[in-house]
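Start counting at 1 in the sequence shown, then tack on 358, and there's your number in the numbering used here. Glycine residues also receive a C-beta, built at the ideal position from the N, C-alpha and C atoms. The model shown is predicted, which means the values in this text are computed figures rather than measured ones. What follows is a set of notes on a single structure, which appears directly below.
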Amino acid sequence: MKLQDVNKTKDDIKDMYNTYFYETFKRLDFIAETGEGSYIIAEDGKKYLDFMAGIAVNSTGHCNKRVVEAIKAQCETMIHASNYCYTVPQVMLAELICKNIGMEKIYFQNSGAEANEAMIKLARKYGKDNFGPNRYKIVTASNSFHGRTLATLAATGQPGTPIQNNYDPFIPGFTYAEYNNLQSFIDACDEDTIAVMVEPVQGEGGVIPATKEFLQGLRKLCDEKNMLLLFDEVQTGWGRTGELMGFMTYDVKPDCVSMAKAMGGGMPIGAMCTSAKLALTFGPGAHGSTYAGNPVCCAASYAQISEIIEEKLADNAKEVGAYFMEKLKSIPDVKEVRGKGLMIGVEFNSNIANDVKYNSADEGLLMTAVRPAVIRFVPPLNVTRDDCDKAWEILNKVVSELVK
Ligand SMILES: Cc1ncc(COP(=O)(O)O)c(C=O)c1O
359 MKLQDVNKTK DDIKDMYNTY FYETFKRLDF IAETGEGSYI IAEDGKKYLD
409 FMAGIAVNST GHCNKRVVEA IKAQCETMIH ASNYCYTVPQ VMLAELICKN
459 IGMEKIYFQN SGAEANEAMI KLARKYGKDN FGPNRYKIVT ASNSFHGRTL
509 ATLAATGQPG TPIQNNYDPF IPGFTYAEYN NLQSFIDACD EDTIAVMVEP
559 VQGEGGVIPA TKEFLQGLRK LCDEKNMLLL FDEVQTGWGR TGELMGFMTY
609 DVKPDCVSMA KAMGGGMPIG AMCTSAKLAL TFGPGAHGST YAGNPVCCAA
659 SYAQISEIIE EKLADNAKEV GAYFMEKLKS IPDVKEVRGK GLMIGVEFNS
709 NIANDVKYNS ADEGLLMTAV RPAVIRFVPP LNVTRDDCDK AWEILNKVVS
759 ELVK
């Protein structure tokens, strides 16, 4: 639907938002009407280089042909059947995912938060089934982000921020330890702890990659203490970090991994995948969802993941990401450029991230601000060096003007 189809102006649309919406996001000042590859085209024809990619979702670019065709074809045959029926896209996707990331079982969900909810529930049930009623605690990292539902908020290590303020009391059973500090995790675990849950690269927390020693140390700790290692790969999954999953860049296999965002090509889908050890934990009635694993979302995801694998987009993320990261170091006022593959954070010496975000959007480049001094780039995984050069030009101009 475009403006012309509904006979409205841009101001009409903005007024309608003000009237009807809970605006929990401050929106950029354009209407995203068309998506083409790495670009969003607005109502006035202006093109925006989209290095935000729908918050790390549009990894094969906007309206990728293969994804679009898959959605259209599935819509014409079966849109929704429910999980009481066998459907082909669901199981084809299950096999594609499990085989390519070396996991044994999958449970589909509708979003990242839901995938994490499923992972938390699974860990609790595994603990109680195998070790008794008190074995339900989970240690997560400070500065983490695991979602906005009440359990994933409790898992999120950001007390005192608008993300968590006023939503207490949180469900019990979560303790925070310091990210990249193995000793802190060792100290936080006690005899009731069943799992440790971390992001391989903290995304919303400021794009902070885990160290290899940290994740390998967590694996050893979990093995020694009969605990589960849970990775939240909602943001790092499916090529973003330069391998299909972030855990593959660290050579550490989790017992359970959650995923969402990039896997759906823009359709709402998430999943949690487990090793064989957890295969019997969920049985009939133990968990469920009306929409999860919906045939249209699964068909889109099958196309999206096939495209990521066959077009070797993780390799492109590694190669172009390294090029872009190096180039970004020459932007004025930069304190640090960090990340993995095409998940890149730029930290400035001053708290200019929001100004950089809005001024860059005015100039035609999209990104997110994840901390007062940190912007994040998560462009489509098929971006070129040329796209990165264009992004650099805009960013360089915007930051130079801000800090002059
Ligand atoms: C690491 C991580 N986990 C979970 C979530 C929540 O995902 P969703 O917004 O799909 O619920 C996000 C979203 O940004 C995320 O980055």
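Which of the three DSSP states, helix, strand or coil, is assigned to Val761?
-> helix
On the DSSP bridge assignment, give the partners of Leu586 in chain order.
-> Ala553
What is the rounded straight-line gap between the Cα of Ser659 and the Cα of Lys762?
-> 45 Å
Can at least three beta-carbon pairs, one atom from the segment 393 to 406 and one from the segment 419 to 437, be found at a separation below 8 Å?
-> yes
For Tyr375, count neighbouring C-beta atoms within 10 Å of its own C-beta (all shown protein chains included) and say buried if the count is 16 or more, exposed if not.
-> exposed
Cβ-heavy atom distance, Ala333 to ligand 1, below 8 Å = With the chain covering only 359 through 762, there is no way to say anything about residue 333.
Leaving aside the five residues before and after Ala711 along the sequence, list all residues of the same chain whose C-beta is less than 7 Å from its C-beta, in chain order.
-> Ala727, Arg729, Pro730, Ala731, Val732, Ile733
Using the Cα positions of Gly699 and Ile666, report the straight-line distance between them to the nearest angstrom.
-> 14 Å
Using only alpha-carbon positions, find the residue among Glu536, Trp596, Lys755, Cys656 that is nearest to Ala568.
-> Glu536
Report all residues from its chain with a CB closer than 6 Å to the CB of Tyr649; omit the five preceding and five following residues, and keep chain order.
-> Asn468
Of all the options Ala749, Leu686, Thr435, Gly697, which has the alpha carbon lying nearest to the alpha carbon of Gly563?
-> Gly697
Alpha-carbon to alpha-carbon, Leu723 and Met606 = 31 Å
Based on Cα-Cα distance, which residue from Pro737, Val714, Val736 lies nearest to Leu386?
-> Val714
Count the other CB atoms within 10 Å of the CB of Met621; is the residue buried (16 or more) or exposed (fewer)?
-> buried
Considering only the beta carbon of each residue, do Ala634 and Ala473 sit closer than 9 Å?
-> no
Span of the alpha helix (DSSP H) around Ala658 | 653 to 668
Enumerate, from N- to C-terminal direction, the unbroken alpha helix (DSSP H) stretches of 4 or more residues contained entirely within the segment 574 to 653.
-> 604 to 608
CB of His504 to nearest heavy atom of ligand 1: below 8 Å?
-> yes
Within the 9 Å Cβ cut-off, does Leu451 reach chain D?
-> Of the protein chains in this structure there is only one, and it is not chain D.
Determine the closest residue to Asn584 out of Lys570, Ile455, Cys656, Asp613, with distance taken between C-alpha atoms.
-> Asp613
Ordered list of alpha helix (DSSP H) runs contained in the segment 392 to 465, each at least 4 residues | 411 to 414, 423 to 435, 446 to 459
CA-CA distance, Leu671 and Glu601?
-> 9 Å
When the distance is taken between beta carbons, is Ala553 closer than 9 Å to Thr510?
-> no
Taking just the CA atoms, how far does Thr392 sit from Lys405?
-> 9 Å
What three-state label does DSSP hand Ile496 in the structure shown?
-> strand
Assign Asp373 to one of two classes, buried (16 or more other C-beta atoms within 10 Å of its C-beta) or exposed (fewer than that).
-> exposed
Would you mind sorting Ala428 into buried or exposed? The rule is 16 or more other CB atoms within 10 Å of its CB.
-> buried
Beta-carbon gap between Phe503 and Ser647 smaller than 9 Å | no
For ligand 1, is there a heavy atom less than 8 Å away from the beta-carbon of Val592?
-> yes
Own chain residues within Cβ distance below 6 Å of Cys631, not counting five before or after | Met461, Ile464, Val615
Cβ of Ala658 versus every heavy atom of ligand 1: is any distance shorter than 8 Å?
-> no
Per-residue DSSP class, three states only, for Met374 | helix
Does the Cβ-Cβ distance between Gln541 and Ala499 come in under 9 Å?
-> no
Around the C-beta of Lys495, are 16 or more other C-beta atoms found within 10 angstroms, so that it is buried, or is it exposed?
-> buried
How about Thr510: is its Cβ closer than 8 Å to a heavy atom in ligand 1?
-> yes
Just the Cα atoms here: how many angstroms apart are Asn441 and Ser718?
-> 44 Å
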